[in-house]
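Asks: For reference, each letter of the sequence shown is one residue, going 4 to 234 in the numbering used here. One structure, as structure tokens, below. Some questions next.
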Amino acid sequence: MDTSEFLEKAWANEGPKIISGFSRPLYHNLMGLLHGYRYNKRDYGGMIRHTEAAMLKKWASSIRRGGTAVEIGCYGGLSTSYLLSGLRSVGGKVYAIDPFNSDLDKQAELTDDCVPLENKPTKKIVEQRLNKNGFEGLFELIEGYSQEVASNWNPDIKIDFLWIDGNHDQAYLDFKSFEPYLAPGARVAVHDAHPRYGYDAVVRDTKKIFAERKWASMEHVKSIISGVLAD
Ligand SMILES: C[S@@+](CC[C@H](N)C(=O)[O-])C[C@H]1O[C@@H](n2cnc3c(N)ncnc32)[C@H](O)[C@@H]1O
């Protein structure tokens with residue numbers, strides 16, 4: 004199945020969901036029950052569902068030993084914790100980018116209004132939370148904006164897993180900014196990329212992302228669309 008056909012099926016209102024190998028929706032739910040309730044969504048102010056959380060963990064645990072994941076949009080560290088719990092088994096590192104509570108005037112100008120700017124988690128709070136969860140030394144929090152961070156990225160650090168959940172009007176821009184640093188066979192996952200569970204702008208950008216290059220192992224998990232570079 005090519006990627007546009009895959010996306011059409013994933014986003015269809017009717018008909019069977021995407022199923023390949025062992026029934027994927029059943030598998031996602033099973034994984035969600037086993038691994039998707041570890042960190043408290045309400046406490047963290049997180050936005051991912053239990054099935055999505057479990058698959059983030061699973062994908063992060065599947066990258067090469069000592070590999071790198073980049074998260075765009077860390078917020079309170081919920082998705083970061085799931086990424087880290089997967090990545091720990093391969094001894095890799097997560098770079099998690101977010102402006103946190105810095106320069107709120109600038110954030111107010113740039114915001115897509117998807118998260119409240121009042122009481123935004125601070126970098127320090129998230130750092131403490133991740134350390135308390137046992138991830139000390141496995142992550143670096145970068146206070147800033149994805150495109151600026153990408154423009155200063157060390158080209159020696161190849162990215163094995165790019166998780167896009169930042170500004171919902173900029174998913175394609177985020178992909179393009181980090182694309183030069185993706186390792187061969189890297190996984191890319193986009194959150195809120197479903198017309199019913201996400202945002203139209205992300206759906207539009209997801210179409211563009213997956214229309215470029217060749218992709219394999221495509222997955223649709225609730226609002227996440229993900230695939231592995233195959234060219
Ligand atoms: C939907 S929240 C992320 C939720 C988090 N991934 C989770 O599941 O718990 C989006 C976050 O991205 C941040 N953000 C917005 N634009 C950004 C950018 N250009 N680079 C990095 N983060 C950005 C927002 O401030 C917000 O904290």
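Beta carbons are placed, not taken as given, at the ideal position from N, Cα and C, and that holds for glycine. Just so it is clear, the structure is predicted and the values come from calculations on it, not from any experiment.
Give me, in chain order, the residues of the same chain whose beta-carbon lies closer than 6 Å to that of V205; leave out the 5 immediate sequence neighbours on both sides.
Replies: Contacts found: H171, A174, D195 and A196.
Asks: Is the beta carbon of L81 less than 7 Å from the beta carbon of Y40?
Replies: No, the Cβ-Cβ distance between L81 and Y40 is not below 7 Å.
Asks: With respect to 6 Å, is the separation between the Cβ of I75 and the closest non-hydrogen atom of ligand 1 below this value?
Replies: Answer for I75: yes, Cβ within range of ligand 1.
Asks: Is N104 near ligand 1, with its Cβ less than 6 Å from a heavy atom?
Replies: No, the beta carbon of N104 sits no closer than 6 Å to any heavy atom of ligand 1.
Asks: Which term fits R3, buried or exposed, when burial requires 16 or more other beta carbons within 10 angstroms of its beta carbon?
Replies: Here the chain comprises residues numbered 4 to 234, so residue 3 is not present and cannot be evaluated.
Asks: Please classify S226 as buried or exposed, where buried requires at least 16 neighbouring CB atoms within 10 angstroms.
Replies: Result: buried.
Asks: Can you say whether R190 is buried or exposed, counting buried as having 16 or more other CB atoms within 10 angstroms of its CB?
Replies: By the 10 Å Cβ count, R190 comes out buried.
Asks: Excluding sequence positions up to five away, which residues of its chain have a Cβ less than 7 Å from the Cβ of Q131?
Replies: Correct list: empty, nothing qualifies.
Asks: Distance, Cα to Cα, T71 vs T83?
Replies: If I take the Cα positions, the gap works out to 13 Å.
Asks: Using a Cβ-Cβ distance cut-off of 7 Å, determine whether I212 contacts chain B.
Replies: Looking at the structure shown, chain B is missing, and only one protein chain is on hand.
Asks: Using only the alpha-carbon positions, how far apart do E74 and N16 sit?
Replies: Approximately 30 Å, taken between the alpha carbons.
Asks: Just verifying my parser: in three-state terms, what is the DSSP assignment at K96?
Replies: It is a strand residue.
Asks: Can you list, in chain order, the residues of its chain with a C-beta nearer than 8 Å to that of N1? Leave out the 5 residues immediately preceding and following it.
Replies: Past the boundaries of the shown model lies residue 1; the chain is included only from 4 to 234, so the question cannot be answered.
Asks: With which residues is T54 paired in a DSSP beta bridge?
Replies: In the DSSP output, where bridge partners are listed per residue, T54 has none listed.
Asks: At the level of alpha carbons, what is the spacing between N104 and D203?
Replies: Computed Cα separation, rounded: 27 Å.
Asks: Please report the distance separating the alpha-carbon of P28 from that of I22.
Replies: Taking the straight line joining both Cα atoms gives about 7 Å.
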